[in-house]
Structure formats: structure tokens, C-alpha cells
Amino acid sequence: MDSMTEEMLLKEKERALSLLTPNFFLHKKRGGDVFENPYEDFYTRGESEFLGPKKDALRAGFRKENERMIHFVLQTMNNYYDNRTMDFNDKSVYSGVGGVIGVYYHLGKLRGDPSLESRAERLLGMALDGLEDVLDSRRRPSMLLGEGGLLAVGAVISYHAGNEELAKKMYSHLCDFEDVFMDENSDLPDNLALGRAGHLLCHIYLMSKGASELVDSLYVERCVSFLLNRGRGSKHVLGRWPTPLYYPSGEEKPKGGDMSDRENDMGTLYGMTGILYVLLKSRSFMSRSEFFHSMQPTIRYLVESYMSPSYPYYKSLHDLSSGD
């Protein structure tokens, strides 16, 4: 980084920090609209809206509201389950039966309630019926809006239920998406919602749920490397600074547009933020060089490009520079 760029960054950092007043935050959007942040400053109070004074437990009111919402969600799912009106055509985690199975299983484990885990296992068996035919026709590998999510959730449930054979079979189906994942000419996007980042999330989910034994590390490494190369191949320059990785959302953009024309590329579900999040979670599958030369500068770019008084701007830069 040359001295002129360093000086620009320092000035931007000082400007951002000067806006962080202790009692009042403003978030100024393009176009001049200004909104007051009604929430208390998290760093000037011993007690927040969600945590008690010692910050080791949820406040009673917030915990009660959580319990009320969990009860409502469970009641709704139970109505579908008991009345046999569950829609098995949508097998996704985001909007379909895959998500219902995941919630039943998670709450069953969290509360030590075997009946909820049993419901998850029964629904899984019903959801897997005919899945192989679906996999042959749809080829949607994503955790959120594809069949990949059901396979990942199912593999975790089967693994912890002692059915290792079924767990390995479902994970094998998950890895069968390799051909479409690695095909540069396929219409598979790179994003979290429907694409390659969403597929990587399936493997991260397995590891986070204590099923790392199932995960093929070499396969995940190949996926991470391929996704990084996809970002490098874009060779875009956004705003004032070049970024090593760039993942366009695929939407038509005006020629010669500035950074504001590309804001859709920065979102979580369909943009760069979601992809970078998954790549960060996959950091153990990339080299130190890949992280520091590709990931770190790109994340720093996003932080610096979207400065907001309510964004932990300075700390983010510090964490990146220290490699945390």
C-alpha cells in the first residue's frame, strides 16, 4: 500500500471515529437521509436490553419473550405434523421441511426432549423418500435453498442416532454435487442462497454439529480453492480501492456505474458478504497466504467502503490486521 493510500485510510478512519459520540449515533445514507439510532450505547452501560448486569445470562423479560416465540413456532410445527399437512415438495432448510426437521432436532437436543428428536427422525425418513430422483433432476447443492441442506441435516441426525451407514450415504450424495460445483460453465451462482457458498455451508454445518468424522477434508479444500479462484477471476475494481476477490451477483449493472450501482453485490444471501462469511468459516481449509493475500484485503475493503457510525469500524480493522 503506497503512502497516499495509507494517508487516505487514516483520514477516513479519523472521520469515522469522530462520529462515534457516546450518546447518539447517526447513520447517514446516500441521498442525505439521516436516522437516529434509538438504542443505548452498548459500551457505556453495564446492562443491555438483552443481557443482565454480569452479562452471563439473558434478562428475564427477553428470555420470556424468546420462550413465547419458541412455543409459538413449536405449536405451529406440531399442528402441521399432527394433521399430516407438511409439504414435502419443498425440502429446503430455508422455507421447507428441511428447516422444520432441523428445528425439531435442535430443540430436542437443547431441551433434552427425546420426543422432539423422534419427530425430527420420522420427518427425515419421510423427506428422504424419493429424494434421489429429486437430486437427479434439480441439482441444487445449497444449504439454504437446495437439497444440500436436507442432506446435511439428515447426515447429522443419522450420525448421532448411531446410523452411520445412512449418514455416510447422505454425505456421499452431498459430495455428488462436485461436478456442478466445479463446472465453470454451469449456471450455478457463487452465492450463499443458491450456490457454491451455500454448498460449503453444508460441510461447515456438519463440523459445527459434531459430525466432522463424516467430512471429506480434501473435497472441502477443493471447493474452497475453486471458490477463491472464482473471485480472483472477476478482476473488478470497486470504488477507490482494488479488491483481490469480487463476486458479482449476476444482476445486470449499468456500464460505467459507480459503487452504488453494485450494492446488490454486497448482500448476504446473494452477494459478497455471505460468500466471504462462509469462506471465513472455512479458513482452516485455505493456506495462510490465501487468507492474508485474498481474504483479508477484501474484507478490509468492505469495512472501509461501508463506514457507518454504528459499525464496529476501527475494531474490524484491528482484528484483520492482527489476523484474528
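Oh and the sequence shown: position 233 is 232 in numbering that gives the first Met the number 0, straight run, nothing missing.
The C-beta atom is built at its ideal place from N, Cα and C for all residues, glycine as well.
In chain order, what residues of the same chain lie with their CB nearer than 7 Å to the CB of A119, ignoring the 5 residues before and after it?
Here residue 119 refers to the residue found at position 120 when the sequence shown is read from its first residue. Excluding residues within five positions, the ones whose Cβ falls inside 7 Å are I100, Y103, Y104, G107, I156.
To which residues of the same chain is M76 closer than 6 Å at the C-beta, ignoring the five residues directly before and after it?
As a working mapping, residue 76 is identified with position 77 in the sequence shown. Same-chain partners within the cutoff: V99.
Could you tell me the distance, in whole angstroms, from the CA atom of L134 to the CA atom of L150?
As a working note, residue 134 is residue 135 in the sequence shown. As a working note, residue 150 is residue 151 in the sequence shown. If I take the Cα positions, the gap works out to 10 Å.
Report the partner residues of L57 according to the DSSP bridge assignment.
Walking along the sequence shown from the start, residue 57 turns up at place 58. L57 is bridged to L50.
What separation, rounded to the nearest whole angstrom, lies between the Cα atoms of G256 and Y245?
Numbered from its first residue, the sequence shown carries residue 256 at position 257. Numbered from its first residue, the sequence shown carries residue 245 at position 246. Only weak support is given to the placement of G256: the predicted model assigns it a pLDDT of 40, under 50, and the value that follows is read from those uncertain coordinates. One C-alpha to the other measures close to 16 Å.
Determine the DSSP secondary structure at A119, reduced to helix, strand or coil.
Along the sequence shown, read from residue 1 onward, the residue named residue 119 stands at position 120. If DSSP states are grouped into helix, strand and coil, A119 belongs with the helices.
What's the gap between the Cα of N22 and the Cα of L301?
Here residue 22 refers to the residue found at position 23 of the sequence shown. Here residue 301 refers to the residue found at position 302 of the sequence shown. Any reading at N22 needs caution, since the residue's pLDDT is 35, under 50, leaving its predicted position unreliable; the model's value is listed next. Straight-line Cα distance between these residues: approximately 26 Å.
Do the CB positions of L324 and S281 come within less than 8 Å of each other?
Any answer about residue 324 is impossible in this case: the structure gives the chain only from 0 up to 323.
Are G230 and G197 close, meaning C-beta to C-beta below 8 Å?
By one-based count along the sequence shown, residue 230 stands at place 231. By one-based count along the sequence shown, residue 197 stands at place 198. It is not a contact, given that the beta carbons lie outside the stated cut-off.
Just how far apart, CA to CA, sit L187 and V152?
To locate residue 187, count along the sequence shown from 1; it is residue 188. To locate residue 152, count along the sequence shown from 1; it is residue 153. Straight-line Cα distance between these residues: approximately 22 Å.
Return yes when the Cβ of G147 is within less than 8 Å of the Cβ of R139, no when it is not.
Here residue 139 refers to the residue found at position 140 when the sequence shown is read from its first residue. Here residue 147 refers to the residue found at position 148 when the sequence shown is read from its first residue. Contact flag set, yes.
Based on Cα-Cα distance, which residue from M181, M68, E64 lies nearest to G194?
Within the sequence shown, residue 194 is the residue found at index 195, counting from 1. Ranking the options by Cα distance to G194, first place goes to M181.
Return yes when the Cβ of P247 is within less than 8 Å of the Cβ of H292, no when it is not.
The count along the sequence shown starts at 1 and reaches residue 292 at position 293. The count along the sequence shown starts at 1 and reaches residue 247 at position 248. It is not a contact, given that the beta carbons lie outside the stated cut-off.
Where V277 and P296 are concerned, what is the direct C-alpha to C-alpha distance, given to the nearest angstrom?
One-based indexing of the sequence shown puts residue 277 at position 278. One-based indexing of the sequence shown puts residue 296 at position 297. Distance between the alpha carbons of V277 and P296 is about 16 Å.
Name the two residues that bound the continuous alpha helix (DSSP H) containing G97.
Taking the first residue of the sequence shown as 1, we reach residue 97 at position 98. 96 to 110 is the extent of the alpha helix (DSSP H) around G97.
Whose C-alpha, out of T272, F225, G273, I298, is nearest the C-alpha of M285?
Against the sequence shown, residue 285 aligns to sequence position 286. Ranking T272, F225, G273, I298 by Cα distance to M285 puts F225 first.
Kindly give me the distance between the Cβ atoms of L122 and V92, rounded to whole angstroms, as I take these residues to be in contact under 8 Å.
For the purposes of this step, residue 122 is taken as the residue at position 123 of the sequence shown. For the purposes of this step, residue 92 is taken as the residue at position 93 of the sequence shown. Not quite, the Cβ-Cβ distance comes to about 13 Å (not below 8 Å), so this is no contact.
In the DSSP assignment, find the alpha helix (DSSP H) that holds E303 and state where it starts and stops.
For this step, residue 303 is matched to residue 304 along the sequence shown. E303 -> alpha helix (DSSP H) spans 295 to 304.
Using only the alpha-carbon positions, how far apart do L165 and D128 sit?
For the purposes of this step, residue 165 is taken as the residue at position 166 of the sequence shown. For the purposes of this step, residue 128 is taken as the residue at position 129 of the sequence shown. Rounded to the nearest angstrom, the two C-alpha atoms are 13 Å apart.
Taking the alpha carbon of S114 as the point to measure from, which residue in L73, L275, M125 has its own alpha carbon closest?
Here residue 114 refers to the residue found at position 115 of the sequence shown. Nearest option by C-alpha distance: L73.
Check whether the Cβ atoms of A154 and L109 sit closer than 8 Å, and answer yes or no.
By one-based count along the sequence shown, residue 154 stands at place 155. By one-based count along the sequence shown, residue 109 stands at place 110. For A154 and L109, no; Cβs fall outside 8 Å.
Taking the alpha-carbon positions, what's the T267 to D189 distance?
Residue 267 sits at position 268 when you count from the first residue of the sequence shown. Residue 189 sits at position 190 when you count from the first residue of the sequence shown. So the two alpha carbons sit approximately 12 Å from each other.
Entirely within the stretch 123 to 192 and at least 4 residues each: give me those alpha helix (DSSP H) ranges in chain order.
130 to 137, 146 to 159, 163 to 174, 177 to 180, all fully within the stretch 123 to 192.
What does the Cβ neighbour count give for E303, buried or exposed, with the cut at 16 atoms within 10 Å?
By one-based count along the sequence shown, residue 303 stands at place 304. Counting Cβ neighbours within 10 Å, E303 comes out buried, since at least 16 surround it.
Which one of L275, K63, Y158, F61 has the shortest CA to CA distance from L205?
On the sequence shown, position 206 is the one that residue 205 refers to. If we check each option's Cα against that of L205, Y158 comes out closest.
Say yes only if the C-beta of I156 is nearer than 7 Å to one or more non-hydrogen atoms of the ligand HEM, and no if none qualify.
This structure simply doesn't include the ligand HEM, nor any ligand for that matter.
Grouping DSSP H, G and I as helix and E and B as strand, with all else coil, what is V223?
Reading the sequence shown from its first residue, position 224 is the one you call residue 223. The answer is helix: DSSP assigns V223 an H, G or I state.
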